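Right, one structure below, let's go through it.
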Amino acid sequence: AARRVADRDGARDMSLRGVAAEAGFAPAALYGYFSSKDDLLLALAADDLTSLARAMRGAGGLAGAGTAALDLLRGAETMAAASAALSGAGGGDAERLFNGRLIAALKALSDASGLPSDSRESQCDVVLVAAALAGLALLARSGRLEALGFSPAEMIARLDARFGA
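Numbers given in the working numbering equal positions in the sequence shown, counted from 1, plus 22.
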């Protein structure tokens with residue numbers, strides 16, 4: 023129900039009341055599962071991270087993993103909305119779930135792209151590539167990447183040239 027409401031109304035604009043109505047629950051019943059809209063957003067984003075990791079596995083090098091990630095992230099509004107829900111303190115079950123799924127997605131990116139994760143330096147490279155992909159998704163989603171005269175394929179090729187194994 024939450025995914026349907028997020029897709030229909032936008033993740034930023036969904037409410038627990040709206041999700042409860044979609045699911046046929048009393049609003050108070052939903053609070054037994056999620057203490058706030060932020061927790062619900064983080065749970066949806068954690069599911070998106072699982073899909074992201076799955077899409078990158080076996081995608082064929084950094085270019086394949088990057089393309090798969092960019093395709094998924096461009097359409098995942100919950101990831102952008104969830105970033106505002108993260109406190110930075112790492113507290114709460116929803117944040118721990120999100121962080122665990124983020125680590126799994128980074129590991130999938132490392133494995134699929136051939137980037138090692140055995141040293142701090144190589145882990146930094148994986149995080150840099152992931153951050154670049156997230157930024158590219160934001161620019162592509164808003165139409166800014168194309169407005170600047172760049173294509174997603176061109177940017178993925180550049181990432182692959184810089185960081186590909």
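We put the beta carbon where it would ideally sit given N, CA and C, even for glycine. The structure presented is a predicted model; accordingly, all values stated were derived computationally and were not measured.
Using the C-alpha atoms, what's the distance from residue j back to residue i?
i, j, result
"Gly-136", "Ala-106", "31 Å"
"Glu-143", "Ala-153", "15 Å"
"Gly-80", "Glu-168", "28 Å"
"Arg-96", "Pro-174", "10 Å"
"Lys-129", "Leu-94", "17 Å"
"Leu-74", "Ala-50", "32 Å"
Measure the CB-CB distance between residue i and residue j and report whether it falls below 8 Å.
i, j, result
"Glu-99", "Ala-33", "yes"
"Leu-38", "Leu-63", "no"
"Gly-186", "Gly-40", "no"
"Leu-71", "Ala-127", "yes"
Cutting at 6 Å between CB atoms, please list the residues of its own chain near residue i, excluding the five before and the five after it.
i, result
"Ala-104", "Leu-63, Leu-64, Ala-67"
Only counting the same chain, and skipping five residues up and downstream in sequence, which positions put a Cβ closer than 7 Å to that of residue i?
i, result
"Gly-52", "First, the amino acid is wrong: residue 52 is Leu here, not Gly. Answer for Leu-52: Leu-38, Val-41, Ala-42, listed in chain order."
>> For the structure I just gave you, are there three or more beta carbon pairs, one from the stretch 174-181 and one from the stretch 86-93, closer than 8 Å?
In response: yes
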